[in-house]
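Following the working numbering, the numbering of the sequence shown begins with 147 at its first residue and continues without gaps.
Glycine included, each C-beta is placed from N, C-alpha and C at the ideal position.
Let me begin by presenting the structure, written as structure tokens, before commenting on it.
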Amino acid sequence: MSDERISSLTSSAYQQALEVIASVEPRIAEATRQELVDQRGSLKLIASENYASPAVLLTMGTWLSDKYAEGTVGHRFYAGCQNVDTVEALAAEHARELFGAPYAYAQPHSGIDANLVAFWSILAHRVETPALERLGAKNVNELTEEDWESLRHDLGNQRLLGMSLDAGGHLTHGFRPNISGKMFHQQQYGTDPETGLLDYDAVAAKAREFKPLVIVAGYSAYPRRVNFAKMREIADEVGATLMVDMAHFAGLVAGKVFTGDEDPIPHAHVTTTTTHKSLRGPRGGLVLAQEEFAADVDRGCPMVLGGPLSHVMAAKAVALAEARRPEFRTYAQNIADNAKSLAEGFLSRGARLVTGGTDNHLVLLDVSGFGLTGRQAESALLDSGVVTNRNSIPQDPNGAWYTSGIRLGTPALTTRGFGHDEFDRVAELIVDVLTNTEPGTTKDGKPSKASYRLGDGVADKIHAAAGELLDKHPLYPGLDLA
Ligand SMILES: *Cc1c(COP(=O)(O)O)cnc(C)c1O
């Protein structure tokens, strides 16, 4: 179908949908409409966000949402799940084909859910199953109270080694306040203080000493590729299960930008991801696994999850089908090329980047050279129509709240069609804003980490310049809600 035809059908679908919604709660219809206006009118550089296609968005708004379907394909605790079976089987099939994974599980509602399913399936496979075998029980319901208490003790006393938050890891990789840092004894690996790069020898040394059951690789704010073959070697040496969380960079794996040692699927025992970041699907999660772990992951419900979001699984199937098209490879390569252009744009203007550059979809800009905290930079940029998020940098002197960094990603604007010149211009605009922002002072005259003063006219000037770029690359072109 032609792009124009799709736009025109999408326009009428959403005009009518908003009218129906407005008949019940007009403020929700209005907020939904305004969100499109806002997203169209700002430079979205949040590395974890994207714009899903109209087909993906439309798939989410249906009566598939009304069906309960706890269980797995062909084995449900509810009657009448034939269509949900079709949907879930297709989502899993597209995921297996796209990623070359032996097994895929499409039910997790989010990235965190996918990680919880992965953790508990690893615990089930490595701790619970051997215990049941030893005790001659088929499942935990058959255990005596005493054996059950002993198994619970064992399940609650396993070790996890993950990347620390300030090096770019995620909350679920063993951060203490998160459930992952509480259900496991955890230790964290970081990056080399000089280079900001992962130091595999240091990870191996930690693993030998700590002997974790699970090693988690993957990140939310590390601007470089990871050698997953090396991570697997480390895991094998210490008898750990390698779990890779590719939530951020799944699109680069799907689009074959990360191949060989950089493709996590053949190396990890279990791989998790979100579907809404670089993969450009609906908000949700996926678990991919080697055969050895398939049966345990398949018990995500009732282990961790309740009823799946069938409308979202349908949208995952549509998004994964899109990602299997040849155009998606071009898109993924453009994401990485554009990140390089953005990084060069900063470096050529004298700004400092963590690790000195990027070879994935994101750059981490150290804003301390501008005399600002991440919080001040984030706010000044937002005032100018540039949406980013503050992020700690390794050994951040300003901590995790104020931070010293800004994380910028290229997936969303690449979807709008931005290329090299536009990303160079984006770097120029950002440097312009930060150069013209001064830190504020607190009531007692000390330097503030939050308040700031943006030079006169800067916000308007940058808004106008950003608007020119955005007008050239419209979001959902032809979609008219007026
Ligand atoms: C975003 C992210 C998640 C969590 O995804 P949600 O859908 O927000 O729960 C998990 N792991 C990593 C590495 C992420 O970047």
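Would the beta-carbon of residue i be found less than 7 Å away from any heavy atom of ligand 1?
i	result
D529	no
A396	no
H316	yes
A393	yes
G308	no
S256	yes
N261	yes
G601	no
S525	no
Y224	no
S366	yes
G431	yes
T420	yes
S194	yes
Out of the options, which one is the CA nearest neighbour of residue i?
i	options	result
A348	A400, T337 and R280	T337
Y598	R521, E243 and R445	R521
E468	G427, F245, Y368 and N506	G427
L527	L488, V572 and E291	V572
N261	N484, L627, P540 and G308	G308
A198	H422, R242, G320 and E243	H422
L301	D590, G315, L244 and W266	W266
A367	H299, L499, I325 and V464	L499
P200	T275, I174, V360 and E150	E150
D184	S530, T290 and A247	S530
M206	L575, F569, S456 and A546	S456
L204	M459, G591 and V533	M459
Could you tell me whether the Cβ atoms of residue i and residue j are closer together than 8 Å?
i	j	result
R649	G401	With the chain covering only 147 through 628, there is no way to say anything about residue 649.
T549	S538	yes
F374	A414	yes
L616	L189	yes
A461	Y249	no
Q334	F356	no
H271	D442	yes
K486	T504	yes
V513	A264	no
P540	P339	yes
V579	I608	yes
Y224	G446	no
N480	P369	no
L297	L306	no
R179	L627	yes
F569	G491	yes
H255	A463	no
A558	E181	no
V509	L575	no
Note down, in chain order, each residue of its chain lying with its Cβ closer than 7 Å to the Cβ of residue i, except the 5 sequence neighbours on either side.
i	result
D231	V219 and G220
F404	R371, F395 and L398
A497	L511, G515 and V577
K390	As written in the sequence, residue 390 is Val, which differs from the Lys given in the question. The answer, listed in chain order, is A363, G364, F374, P410, A414 and T417.
Y477	G401 and T560
P585	G517, L518, Q522, P593, S594 and Y598
G453	Y214, A215 and E216
S153	P623, G624 and L625
F321	L311 and G327
A277	L297 and D300
Leaving out five residues before and five after residue i in sequence, what residues of the same chain have Cβ atoms less than 8 Å from its Cβ?
i	result
N287	none
R378	L388, H413 and A414
Based on the DSSP secondary-structure assignment, which residues constitute the bridge partners of residue i?
i	result
Y365	Y365 pairs with nothing; no bridge assigned.
G308	Q334
N537	G551
Y598	P585
H221	T218
K592	Looking at the DSSP assignment, K592 forms no beta bridge with any residue, so it has no partner.
R498	D512
T417	V390 and L434
L621	Beta-bridge pairing links L621 to no other residue.
A250	L434
L189	V532
Please work out which residues of its chain come closer than 6 Å, Cβ to Cβ, to residue i, disregarding the five sequence neighbours upstream and downstream, and give them in chain order.
i	result
G257	A393, T420 and G431
A482	V403
D259	G431
E408	R371
A605	D529 and S530
R186	L621
Please decide whether residue i counts as near chain B, where near means a Cβ-Cβ distance under 8 Å.
i	result
T205	As a matter of chain content, chain B is missing from the structure shown, which is built from one protein chain.
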